[in-house]
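Notes follow the structure.
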Amino acid sequence: MSQDDTKNYAGDVTPEEAWNILEKEDSAVLIDCRTDAEWAYVGKTDLSGVDKDQLDIAWKIFPTMEVNPSFTNDVAAACPDKDVKLLIMCRSGVRSIDAAIAVTEAGYTNAYNILEGFEGDKDDGGHRGNVGGWKHRGLPWKQG
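According to our numbering, the sequence shown is numbered sequentially starting from 14.
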């Protein structure tokens with residue numbers, strides 16, 4: 014887990030580090046900030062092994078991909094404790110940075126971006142899921 018004082022959020026974690034945190038810290042929460050279409054068609058984490066469910070709170074709204082104006086309010090409704098460890102994941106680890114910054118600006122002290130996201134970067138053939146990401150790392154997931 015990296016803590017970087019130059020970032021406007023707590024830091025970055027790898028998918029494996031996120032899983033370990035979810036296993037060890039009862040209060041840790043995984044927020045999947047992808048769109049409803051991504052949850053339905055690409056899949057979701059399976060946190061049943063750690064007796065948790067991910068929170069599905071989209072950072073951007075499909076299909077316009079405009080920022081969800083209620084994102085921070087939705088997080089606050091689900092996680093009123095501003096010191097809880099929030100592990101935020103998107104497709105490839107980009108949108109989740111913006112989401113982590115937003116919740117930090119809303120007063121959360123432990124918002125972490127999950128590097129590589131759920132699907133990781135594109136491979137040489139332009140496909141996701143083969144280079145990095147939650148799925149590629151062999152962490153539990155299920156089809157939406």
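Think of the CB as a built atom: it goes at the ideal place given N, C-alpha and C, for glycine as much as any other residue.
How would you call P28, buried or exposed, if buried means at least 16 neighbouring beta carbons within 10 angstroms?
-> Mapped onto the sequence shown, residue 28 falls at position 15. Under a 10 Å Cβ-count criterion, P28 is classified as buried, with 16 or more other Cβ atoms of the shown protein chains found around its own Cβ.
Between K148 and G56, is the Cβ-Cβ spacing less than 8 Å?
-> Counting from one through the sequence shown, the residue named residue 148 turns up at place 135. Counting from one through the sequence shown, the residue named residue 56 turns up at place 43. Yes, they are a contact pair.
Tell me, please, which residues DSSP counts as bridged to T58.
-> On the sequence shown, residue 58 is found 45 positions in, with the first residue counted as 1. Answer is W154.
Taking 8 Å as the threshold, find out whether the stretch 134 to 148 comes into contact with the stretch 35 to 54 through three or more Cβ pairs.
-> Short answer: they don't touch.
Nearest to K73 by CA position, among L43, C92, S109, is which residue?
-> Translated into the one-based positions of the sequence shown, residue 73 becomes position 60. With distances taken between Cα atoms, K73 lies closest to S109.
Grab the span of the alpha helix (DSSP H) containing D111 for me, first residue to last.
-> Here residue 111 corresponds to residue number 98 of the sequence shown, with the count starting at 1. Its alpha helix (DSSP H) spans residues 108 to 118.
Could you tell me which residues DSSP puts in a beta bridge with D49?
-> As a first step, residue 49 is located in the sequence shown; it is residue number 36 there, counting from the start. Paired residues: none, contrary to the question.
Please name the residue in Y22, E132, G138, H140 whose C-alpha comes closest to that of K155.
-> Position 142 of the sequence shown, counted from the first residue, corresponds to residue 155. In terms of CA proximity to K155, E132 leads the group Y22, E132, G138, H140.
Can the beta-carbon of V88 be found closer than 8 Å to that of I127?
-> Taking the first residue of the sequence shown as 1, we reach residue 88 at position 75. Taking the first residue of the sequence shown as 1, we reach residue 127 at position 114. Cβ atoms of V88 and I127: not closer than 8 Å.
In three-state terms, what does DSSP make of I34?
-> For the purposes of this step, residue 34 is identified with residue 21 of the sequence shown, where counting begins at 1. Three-state DSSP puts I34 in a helix.
Contact check, C92 vs G130, beta carbons under 8 Å = As a position in the sequence shown, residue 92 is number 79, starting the count at 1. As a position in the sequence shown, residue 130 is number 117, starting the count at 1. At a Cβ-Cβ threshold of 8 Å, C92 and G130 do not count as neighbours.
Short check: CB of N21 to CB of I114, under 8 Å?
-> Walking along the sequence shown from the start, residue 21 turns up at place 8. Walking along the sequence shown from the start, residue 114 turns up at place 101. It is a contact, given that the beta carbons lie within the stated cut-off.
In this structure, does DSSP put A91 in helix, strand or coil?
-> As a working note, residue 91 is residue 78 in the sequence shown. Helix at A91.
State the DSSP-derived secondary structure class of E132, mapped to helix, strand or coil.
-> Taking the sequence shown and counting its residues from 1, the one referred to as residue 132 is at position 119. Collapsing the DSSP output to three states places E132 in coil.
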